[in-house]
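Engineer: The structure follows.
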Amino acid sequence: MAEKIGLTAPPAPGATALVPGTFDGVAVLVTGGGTGLGKAIAAEFARLGASLVVASRKPEHLEAATAAIEAIGAPVTTVACDIRDPDAVAAAFDAATEAFGLPGVLVNNAAANFPVPAEDMSPNAWRTVVDITLNGTFLCAREFGRRHLAAGTPASIVNIAASYAWTGGPGFAHSAAAKAGVVNLTETLAVEWGPYGIQVNALVPGLFPHEDMTADITGSLDRTHDKDVCQPALRVGQRQELGWAATFLASPYARFISGHTLVVDGANWQRRTLTNPPVVTVRDQMGLGPFDP
């Protein structure tokens with residue numbers, strides 16, 4: 001009798017989840033693709049043959065993206081873009097189309113976030129996060145959708161959401177509200193544009209250590225380590241695992257999947273315990289004193 005060994009471990013970074021060449025001839029535009037999870041997602045598309053267009057507001061992020069994609073051997077161009085500005089978004093798609101043709105995939109990854117108790121949140125802080133995370137996602141999706149509707153071509157959008165879109169996010173009221181909007185927008189556009197061959201899905205990342213992570217919550221674990229006893233899987237995610245999920249959702253193998261939000265977090269957002277731990281206020285978690293109006 002053969003020895004039972006169970007499932008194998010996830011492949012090492014650099015392995016692809018799909019057939020090599022899956023995205024040959026396809027341009028993929030990734031907003032916020034110069035750092036963190038956006039760069040990891042862009043890299044997975046590059047490994048599968050895509051031509052990459054990376055959009056970011058920061059020149060240093062564009063340089064980092066170019067270096068990472070060129071190291072893989074894929075074509076890449078970058079464009080400076082503030083996704084809050086519809087004219088800048090249109091210009092980004094013009095540049096992408098001039099370089100590689102109309103992008104067939106849009107990854108709406110760009111977002112803004114920082115922890116702050118709701119009572120301390122300024123109107124400008126609220127507007128900034130909602131404007132980038134929700135409004136920017138819509139403006140990019142709208143421009144992408146309009147161009148494909150005009151061309152009569154199928155396409156795929158992958159939005160990046162968050163689990164606190166469903167659970168609420170104490171300390172992140174602005175981001176949680178915006179991400180809830182992203183989930184709803186995903187479902188709405190999937191129905192509106194489905195008849196035209198445009199898929200719209202979303203990804204919810206769990207804990208994936210990367211350089212953009214917020215680090216000013218007191219008592220947080222070392223997010224650079226791959227083990228984490230607070231996660232049901234007893235580990236954090238590896239960035240390529242999110243990239244594998246993104247490439248699958250945008251691939252020919254997922255053409256009948258649309259309006260879906262895929263959570264990639266090892267079941268962490270569904271974790272419940274038999275006994276609830278004591279409540280720790282947001283202010284205490286952040287090391288702040290009592291509210292002072």
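With my numbering, letter number 185 in the sequence shown gets 185, and the count goes up by one each step, no holes. Glycine included, each C-beta is placed from N, C-alpha and C at the ideal position. The model shown is predicted, which means the values in this text are computed figures rather than measured ones.
(1) From what residue to what residue does the alpha helix (DSSP H) around Ala55 run?
(2) How close, in whole Å, do the beta carbons of Thr133 and Ala111 come, if the pair is a contact with beta carbons under 8 Å?
(3) Got a sec? Which residues, its chain only, sit under 7 Å from Gly169 by beta carbon, not counting five neighbours each side?
(4) Can you tell me whether Asn276 is buried or exposed? The criterion is at least 16 other CB atoms within 10 Å of its CB, across all chains shown.
(5) Distance, Cα to Cα, Pro10 vs Asp120?
(6) Can you tell me the Cβ-Cβ gap for Gln285 and Gly171, rounded? I've got them flagged as a contact below 8 Å.
(7) Find the nearest neighbour of Arg283 within the set Val79, Ala118, Ala245, Val264, judged by alpha-carbon distance.
(8) Counting only the same chain and skipping the five closest in sequence on each side, list residues whose C-beta sits under 6 Å from that of Asp24.
(9) Taking the Cβ atom as the reference point for each residue, do Gly237 and Pro195 lie within a distance shorter than 8 Å?
(10) Quick check: what's the CA-CA separation for Glu187 versus Pro293?
(11) Could you tell me which residues DSSP puts in a beta bridge with Lys227?
(12) Short check: CB of Pro209 to CB of Leu139, under 8 Å?
(13) With respect to the alpha helix (DSSP H) encompassing Ile41, which residues constitute its N-terminal and C-terminal limits?
(14) Specify, as a first and last residue, the run of the beta strand (DSSP E) that Ser163 falls within.
(15) Using the three-state DSSP reduction, which class does Leu106 fall into: helix, strand or coil?
(16) May I ask you to verify whether the stretch 40-59 touches the stretch 252-261, counting CB pairs closer than 8 Å and requiring at least 3?
(17) Let me make sure I understand the geometry here. Which of Ile69, Phe248, Thr137, Ala90 has the alpha-carbon closest to that of Asn184?
(18) Which of the three DSSP states, helix, strand or coil, is assigned to Asn201?
(19) Would you please state the rounded distance, in angstroms, between the beta carbons of Ala150 and Gly101? I believe it to be under 8 Å.
(20) On the DSSP letters alone, give me the boundaries of the alpha helix (DSSP H) that Thr188 sits inside.
(21) Between the C-alpha atoms of Gly298 and Ile160, what's the straight-line distance to the nearest angstrom?
(22) Considering Cα atoms alone, identify which of Ala267, Ala202, Pro252 is closest to Ala233.
Structural biologist: By the coordinates alone:
(1) Element bounds for Ala55: not the alpha helix (DSSP H) but the beta strand (DSSP E), 51-56.
(2) 4 Å
(3) Ser175, Ala176
(4) exposed
(5) 42 Å
(6) That belief holds up - the Cβ atoms of Gln285 and Gly171 are roughly 7 Å apart, short of 8 Å.
(7) Ala118
(8) Gly49
(9) no
(10) 40 Å
(11) Per DSSP, Arg235.
(12) no
(13) 36-47
(14) Run containing Ser163: none; DSSP gives neither H nor E here.
(15) strand
(16) no
(17) Comparing alpha carbon positions, the residue from Ile69, Phe248, Thr137, Ala90 closest to Asn184 is Thr137.
(18) strand
(19) That belief does not hold up - the Cβ atoms of Ala150 and Gly101 are roughly 14 Å apart, past 8 Å.
(20) 173-193
(21) Because the chain in this structure spans residues 1 to 293, residue 298 falls outside the shown range and cannot be described.
(22) Ala267
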